[in-house]
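Residue numbers (full-length UniProt numbering): 1 to 376. Beta carbons are placed, not taken as given, at the ideal position from N, Cα and C, and that holds for glycine. Note sheet for the following structure.
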């Protein structure tokens, strides 16, 4: 690559940055995506139970039933309300309580007699995540109180004692996951949008024809768009990680931030190539928007950032091995959550680079075809 080519790429990139700075809507999108959007995604959808409304039908009125009621305390639950059995359906239909625990009469006496009485838990499952988590919490709380009550009467200790230790996120705090994953998702979204929109903006404004009459090659035009828009996204994700995630959300970063940013820069190359490829397919901004929706949603949902890849069907896992997002999410989680170093993530870096070259070559071929059609 000659010095003249590098100079052309640099000057065209500066032009791209100036064009981006003049587009207030895209600037606002970048600023919001790496600040407020990350904070909202991390704190707006809680993965933990918090102040869930719960009611209890205490038909036993025994010391054991009172222990179970007293164990449902903040911040997981609001103070339990005592209601009658006839009120169960009305309060659930009205949405006043998410959980109603029914303790049958003679519950403590039957338990002492060696019988197996049952507790009934009624759940309003319209809020699925809270229903699933809350029912698990109440089940464990009730089982723990019953086990503690029966412990003095037991003649032998249990044969097995299970001790659970959570690594990398001991308190299972959802904010730690949500903030980082939102930043990673926004890297993909913004890179594809910015680069694809930059190409279409040139075509719609007629400036692409101006570039074609200059001594410039499609490679130089494409490379300039990649580095300029990629730089804007890299600055944004650096701010998001060091300020929003670490300072505002107080999420500890286990690994090396520079190593993650190096991997992000390599991934930007792949994502930008996808953006230009979509830009060559679309003929207008509305078409580009539809193509971006069809591209970004699978990349974000099936890459392992929303759900573990192991829980997906095997054909989906195999298909997503051809997407750079899969390796970027794996790399980011390894570095930021588990403190992995270059010796662990280098296969993911190589995979991102290889896939990026394939997408870059395909985008360049499409770009040259688009240039030929424009010249005609």
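### Query
Run through DSSP, which three-state label would residue 318 get?
helix
#### Entry: Simplified DSSP state of residue 168, which is helix, strand or coil
coil
#### Entry: Beta-carbon gap between residue 237 and residue 336 smaller than 8 Å
no
### Task
State the beta-bridge partners of residue 103 as determined by DSSP.
58
### Query
Around the C-beta of residue 74, are 16 or more other C-beta atoms found within 10 angstroms, so that it is buried, or is it exposed?
exposed
### Message
If you measure between the beta carbons of residue 191 and residue 296, is that distance less than 8 Å?
### Response
no
### Own chain, CB closer than 6 Å to residue 80, minus 5 neighbours either side, in chain order
54, 56, 69 and 72
#### Entry: Exposed unless 16 or more other CB atoms sit within 10 angstroms - verdict on residue 168
exposed
### Query
Measuring CA to CA, which of 326, 322 and 361 is closest to residue 307?
326
### Message
Could you give the first and the last residue of the continuous alpha helix (DSSP H) run that contains residue 229?
### Response
218-239
### Task
Using three-state DSSP, classify residue 192 as helix, strand or coil.
helix
### residue 353 (DSSP reduced to helix, strand or coil)
helix
### Task
Answer with buried or exposed for residue 170, where buried requires no fewer than 16 other C-beta atoms within 10 angstroms of its C-beta.
exposed
#### Entry: Alpha-carbon to alpha-carbon, residue 269 and residue 230
7 Å
### Task
Would you mind stating whether residue 183 and residue 260 have Cβ atoms separated by less than 8 Å?
no
### Task
Could you pull the start and end residues of the beta strand (DSSP E) that residue 123 belongs to?
120-123
### Query
Taking the C-alpha atoms as reference points, what is the distance between residue 305 and residue 359?
22 Å
### Query
Quick check: the segment 340-350 against the segment 280-295, are there 3 or more CB pairs under 8 Å?
no
#### Entry: Cβ neighbours of residue 20 in the same chain (closer than 8 Å, five flanking residues each side left out)
26, 27, 194, 198, 228, 229 and 232
### Query
Within 10 angstroms of its Cβ, does residue 330 collect 16 or more other Cβ (buried), or is it exposed?
buried
### Query
If you check the beta carbons only, do residue 351 and residue 16 fall under 8 Å apart?
no
### Query
Span of the alpha helix (DSSP H) holding residue 33?
24-33
### Message
Checking 8 Å against the spacing of the C-beta atoms, do residue 234 and residue 356 come in under that value?
### Response
no
### Query
By Cβ distance below 7 Å, which residues in the same chain neighbour residue 246 in space, the five residues on each side in sequence not counted?
253
### Query
Between residue 90 and residue 319, what straight-line distance do the alpha-carbon atoms span, to the nearest angstrom?
48 Å
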